[in-house]
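Numbered per our numbering, the sequence shown spans residues 6 to 48.
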Amino acid sequence: MFTPETLDTALIIFDKAEMPAGVDMLLFTTALVMFVITLFANV
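In structure tokens, the structure reads:
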């Protein structure tokens, strides 16, 4: 279950991970999509 706190934590982890920009963006986009889907599923 994604919450704003979970998303913030994920962003911090991604930020500290020092991954290539493309991979970092892919992970961020995936997390964002899952977060939005979770929001709609809860409505």
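For glycine and all other residues, C-beta sits at the position ideal for the given N, C-alpha and C.
Report the rounded CA-to-CA distance for residue i versus residue j, giving the unit in angstroms.
i: residue 46; j: residue 40; result: 10 Å
i: residue 38; j: residue 14; result: 16 Å
i: residue 29; j: residue 12; result: 14 Å
i: residue 33; j: residue 16; result: 7 Å
i: residue 44; j: residue 31; result: 20 Å
i: residue 36; j: residue 10; result: 12 Å
i: residue 42; j: residue 48; result: 10 Å
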